[in-house]
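To start, the structure under review is shown below, and the notes come after it.
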Amino acid sequence: MGRSRIQWLGLLGVVSFLSYTAAVVFSPLAYPGYDWMAQAVSDLSASNAPSRVLWGQLSALYNGCGLVSITLVFIFVQGKLTKLLRSGIYFFTAMNWVSGVGYQMFPLTDSGYAGEFQDQMHVVVTVLVILLSIISLVLIIIGGIREKSFFSLAIWAGLALVLMIAGAVGINVVPIEYFGIPERFSVFAATLFNAVLGVYLFNGFNIADK
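Numbering (this note's numbering), first residue to last: 44 to 253.
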């Protein structure tokens with residue numbers, strides 16, 4: 044049986060991940076003096092960052108494709124999977140929308156933290172994104188462990204959660220000149236898991252095989 048259009052659009056999650064990766068890797072080329080080991084990814088898209096235009100070009104497919112993919116995952120699993128798995132996906136969808144809209148509305152005004160209202164709201168968005176990410180991943184891990192056929196999804200969710208925790212702990216432990224390394228663990232975790240869910244959607248969550 045062939046894949047539906049909704050399933051094919053799940054691959055937009057992978058496109059989103061690749062777009063974000065390109066922005067993180069290549070935007071520093073337009074930011075003289077940027078030190079990826081010491082500075083946050085969000086510095087690259089700050090309002091006055093010299094790399095802001097290039098960041099926008101390279102990440103053009105990141106938000107749109109990511110939101111389309113996760114929203115279609117949200118729609119596809121309605122009435123399917125277990126309640127825990129569905130709830131985890133719902134929370135993860137909410138996280139993506141908060142992230143996609145929030146960071147666009149409130150980019151940093153300057154590299155680092157300038158303390159302006161916009162910067163404060165950027166921090167609020169970050170806190171919400173972290174909380175929603177943790178809740179969603181924990182629910183998916185538990186749901187995947189209970190539903191043996193989705194154990195692989197639990198492993199992916201566990202990997203994403205480990206990366207997030209490692210990043211959160213790392214930025215408070217490593218010397219300031221290495222802040223950017225653990226910070227990247229956190230920012231890539233959610234984007235990677237979004238791509239994973241997109242692939243699961245592409246495969247119809249293998250529901251037909253159960």
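Every residue gets a Cβ at the ideal spot worked out from N, C-alpha and C, and that includes glycine.
As the structure is a computational prediction, the values presented were derived from the model and not from experiment.
(message) For Leu54 and Phe245, I'd like the C-alpha separation in whole angstroms.
(response) Roughly 6 Å between the two C-alpha positions.
(request) Give the range of the alpha helix (DSSP H) segment to which Arg46 is assigned. (result) It is not in any alpha helix (DSSP H) - Arg46 carries neither H nor E in the DSSP assignment.
(message) Quick check on the DSSP output: the alpha helix (DSSP H) that includes Trp98 runs from which residue to which?
(response) Trp98 -> alpha helix (DSSP H) spans 95 to 101.
(request) Give a yes or no on whether the C-beta atoms belonging to Leu52 and Leu115 are separated by under 7 Å. (result) Yes, the pair counts as a contact, with Cβ atoms nearer than the cut-off.
(request) Tell me whether Phe236 is buried or exposed, calling it buried when 16 or more other Cβ atoms sit within 10 Å of its Cβ. (result) So Phe236 ends up on the buried side.
(request) Can you say whether Phe119 is buried or exposed, counting buried as having 16 or more other CB atoms within 10 angstroms of its CB? (result) Phe119 should be labelled buried.
(request) Give the DSSP-derived three-state secondary structure of Tyr74 in the structure shown. (result) Here Tyr74 sits in coil by DSSP.
(request) Just tell me which of Ile177, Phe193, Gly145 has its CA closest to the CA of Ala209. (result) Taking the Cα of Ala209 as reference, the smallest distance to any Cα among Ile177, Phe193, Gly145 is reached at Ile177.
(message) Checking 7 Å against the spacing of the C-beta atoms, do Met80 and Tyr243 come in under that value?
(response) No, Cβ-Cβ distance for Met80 and Tyr243 is not below 7 Å.
(message) My parser needs the alpha helix (DSSP H) runs of 4 or more residues fully inside the segment 104 to 190; what are they?
(response) DSSP runs (the alpha helix (DSSP H)) wholly in the segment 104 to 190: 105 to 119, 126 to 148, 160 to 189.
(message) Residues in the same chain with beta-carbon distance under 7 Å from Thr169, minus the five sequence neighbours each way, listed in chain order, please.
(response) Leaving aside the five residues that flank Thr169 on each side, none in its chain has a CB nearer than 7 Å to its CB.
(message) DSSP three-state label for Val217, please.
(response) In this structure, Val217 counts as coil in the three-state DSSP scheme.
(request) Give a yes or no on contact between the segment 90 to 100 and the segment 126 to 137, applying the rule of three or more CB pairs nearer than 8 Å. (result) Judged by Cβ distances under 8 Å, the segment 90 to 100 makes no contact with the segment 126 to 137, as fewer than three pairs qualify.
(request) Following the continuous alpha helix (DSSP H) through Gly56, name the residue where it begins and the one where it ends. (result) Note, Gly56: alpha helix (DSSP H), 55 to 69.
(message) So, under 8 Å CB-CB, Gln147 and Asn91 are touching, yes? Tell me the CB distance rounded to an integer number of Å.
(response) That belief does not hold up - the Cβ atoms of Gln147 and Asn91 are roughly 16 Å apart, past 8 Å.
(request) Identify, in the order they occur along the chain, each residue of the same chain with its Cβ nearer than 6 Å to the Cβ of Ser62, setting aside the five sequence neighbours on each side. (result) Answer for Ser62: Ser102, Leu104, Tyr105, listed in chain order.
(message) Taking the beta carbon of Ile184 as the centre, do at least 16 other beta carbons fall within 10 Å, making it buried, or is it exposed?
(response) Around the beta carbon of Ile184, 16 or more other beta carbons lie within 10 angstroms, which makes this residue buried.
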